[in-house]
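As numbered in my numbering, the sequence shown has no gaps in its residue numbers, which increase by one up to the final residue, 333.
Beta carbons are placed, not taken as given, at the ideal position from N, Cα and C, and that holds for glycine.
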Amino acid sequence: MSGPDYLGPEWVATSFALAEDDGGCPPGRPDVAVLVHERDAGRLAAESKAAALYLPGFLDTFCHVGQAAAFRALGVPLAGLDMRRCGRATRSAASRDDLRDICVREEEIGLALDRLRELGAERIVLIGHSTGGLQAALWAADHPGTVDAVVLNSPWLDHYGSRLERGPLTRAVDRLGARSPSTPISWLLPRYARSLHRDYGGEFDFDPAHKPLVVTAVRAGFFRTVRRAQARVAAGRARIDAPLLVAHSDASGHPKFPRKRELANRDCVLGVEDMKRLAPLLSPDVETLEVPGGRHDLALSERPARELYTREVTAWVARTLGL
11 MSGPDYLGPE
21 WVATSFALAE
31 DDGGCPPGRP
41 DVAVLVHERD
51 AGRLAAESKA
61 AALYLPGFLD
71 TFCHVGQAAA
81 FRALGVPLAG
91 LDMRRCGRAT
101 RSAASRDDLR
111 DICVREEEIG
121 LALDRLRELG
131 AERIVLIGHS
141 TGGLQAALWA
151 ADHPGTVDAV
161 VLNSPWLDHY
171 GSRLERGPLT
181 RAVDRLGARS
191 PSTPISWLLP
201 RYARSLHRDY
211 GGEFDFDPAH
221 KPLVVTAVRA
231 GFFRTVRRAQ
241 ARVAAGRARI
251 DAPLLVAHSD
261 ASGHPKFPRK
271 RELANRDCVL
281 GVEDMKRLAP
291 LLSPDVETLE
301 VPGGRHDLAL
311 SERPARELYT
321 REVTAWVART
331 LGL
C-alpha cells in the first residue's frame, strides 16, 4: 500500500506486510515495514541503472532529504527503509524496537531491494547507520552479490560502555533476553535526538512519533540479539565482499551525560575507536572516512561536517559504481 509521506509532496511511502515473526510482533497487529522514496525514483533508477537504500538506526527513522538531494545530483534515487517496529513501521510505543532476532529484518531488506530493482536499478548501494549499519553489514555478508557497494555511517559494531557492561552484564542480559525479551534493561535519554530537532534548536524536522524525543526503553531481547551480532563481527564472521566504506566521527563524547558542545560535534552514542578497530574485520579492503566534528549520524551533523561527509560519500559511490 502506497501513499504520501510527511517529508513532502514529492515523497511516497509504501508499506510492506511481513510474514516472519521473531515473537515480538504485537498480538493482532502484524509487522510492517515502510519504504520511502521520491515519486520519480523510477525514472532516475531507469536512467542511471542505480539506486541507494538507507537503513536507519535504533529508535530512528528516515528523514534524510538532504542526503537524497545529494544522491539525486548523481542521478541515483535514495530510498529509506523504516524496518519493522521502528520509525514509520512502529505499531505501538510498547513494541518500538522490541526486537528478539536482528536477522528477522532481512525479510524487509530483501523486499526493499526487490522493489528498487523493479524500478530499474541494476546496481544498489546499501547504506546503514548505527544499528542499521550493523544490519547492513550482516546483510552484505550473508547475501553476497545482492548489493554492489556498502556504506556504514557510524555502525554499531560494539557496545560503547564499561568492561562490566561489555562482559558480565552482557552475559547476564543474554540470559534475561532469552527468558524475558521485552524487559527494559535501561532507558535512553532524549538529549541527542532533541539536539537534532528544530523544536529544540536543531536543524532537522522529523516526526517524534517515529524518532522519539522522550525517554525510551532499551529491552533485553534487543540488546541480546545486537550483542550476538557484534560478537560475530568481532570473530571475523561477517566478511563483506562488496566495496565497503566505513565513516565515523573523529571523537566520541560522553554516552550518558554529554555536554551541549559534545552533542554538536562528537559521536555521543558510540565509540569511534571501536569502529576503527573492527572495520578491518568486515573487509580487508575496507576504506574509512573520518569526519572531523561529526555527530553520531554523520548525515545530520552540523553543516561543515555534514557537507564533508556527503561530498566524500557521494564521490565514493560515483567512483565505485562508475557513474
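- Put simply, the region 18-30 does not touch the region 296-309. Fewer than three CB pairs are less than 8 Å apart.
- Nearest neighbour of Val327 by Cα position, chosen from Arg276, Ile119, Trp166, Leu136, turns out to be Leu136.
- DSSP lists Gly90, Ile137 as the beta-bridge partner residues of Tyr64.
- Per DSSP, the continuous beta strand (DSSP E) segment holding Leu45 begins and ends at 42-48.
- Contact check for Asp277 against Ser259 passes: the beta carbons are separated by less than 7 Å.
- In this structure, the beta-carbon distance from Asp307 to Gln240 does not fall below 7 Å.
- Within a 10 Å sphere around the beta-carbon of Asp92 sit 16 or more other beta-carbons, which makes this residue buried.
- In the structure shown, Thr235 falls within a helical segment according to DSSP collapsed to helix, strand and coil.
- Counting along the chain, Ser12 sits inside the beta strand (DSSP E) bounded by residues 12-15.
- In this structure, Gly138 sits near Leu65, with a CB-CB distance shorter than 7 Å.
- Proximity to Leu198 across Ser12, Phe68, Lys59 peaks at Phe68, based on C-alpha coordinates.
- For Trp326, the enclosing alpha helix (DSSP H) has its first and last residue at 313-331.
- Taking the Cα positions, Gly142 is about 21 Å away from Glu48.
- Fully enclosed alpha helix (DSSP H) runs of no fewer than 4 residues occupy 75-83, 116-128 of the region 73-132, in order along the chain.
- Residue Pro253 holds the alpha-carbon nearest to the alpha-carbon of Leu292 among Ala315, Pro253, Glu272.
- Per the C-alpha coordinates, the member of Gly332, Ser190, Ala51, Ala309 positioned closest to Phe232 is Ser190.
- Residue Lys221 holds the alpha-carbon nearest to the alpha-carbon of Arg98 among Pro290, Lys221, Val282, Leu331.
- By DSSP's assignment, Gly18 forms a beta bridge with Asp15.
- Residue state for Glu57 is assigned as helix, using DSSP reduced to three classes.
- Between Ala23 and Val42, the CB-CB gap reaches or exceeds 7 Å.
- For Pro194, there is no enclosing alpha helix (DSSP H); the residue is found in the beta strand (DSSP E) stretching over 194-198.
- Here the region 108-119 lies against the region 142-154, with 3 or more beta-carbon pairs under 8 Å apart.
- Annotation for Leu186: the continuous alpha helix (DSSP H) segment containing it runs 178-189.
- The three-state secondary structure of Asp277, taken from DSSP, is strand.
- Cβ neighbours of Glu175 within its own chain (closer than 7 Å, five residues either side excluded): His169.
- For Leu54, the closest alpha carbon among the candidates Pro37, Gly120, Arg127 is that of Arg127.
- In the DSSP assignment, the residues bridged to Phe26 are Ala43.
- Cβ neighbours of Leu288 within its own chain (closer than 8 Å, five residues either side excluded): Leu167, Asp168, Val243, Ala244.
- In the structure shown, Ala151 falls within a helical segment according to DSSP collapsed to helix, strand and coil.
- Within the region 208-255, the complete alpha helix (DSSP H) runs of at least 4 residues fall at 230-244.
- Per DSSP, the beta bridge partners of Thr298 are Val256.
- DSSP, read as helix, strand or coil, puts Ala261 in coil.
- Proximity to Ala261 across Asp209, Ala104, Ala315, Pro178 peaks at Ala315, based on C-alpha coordinates.
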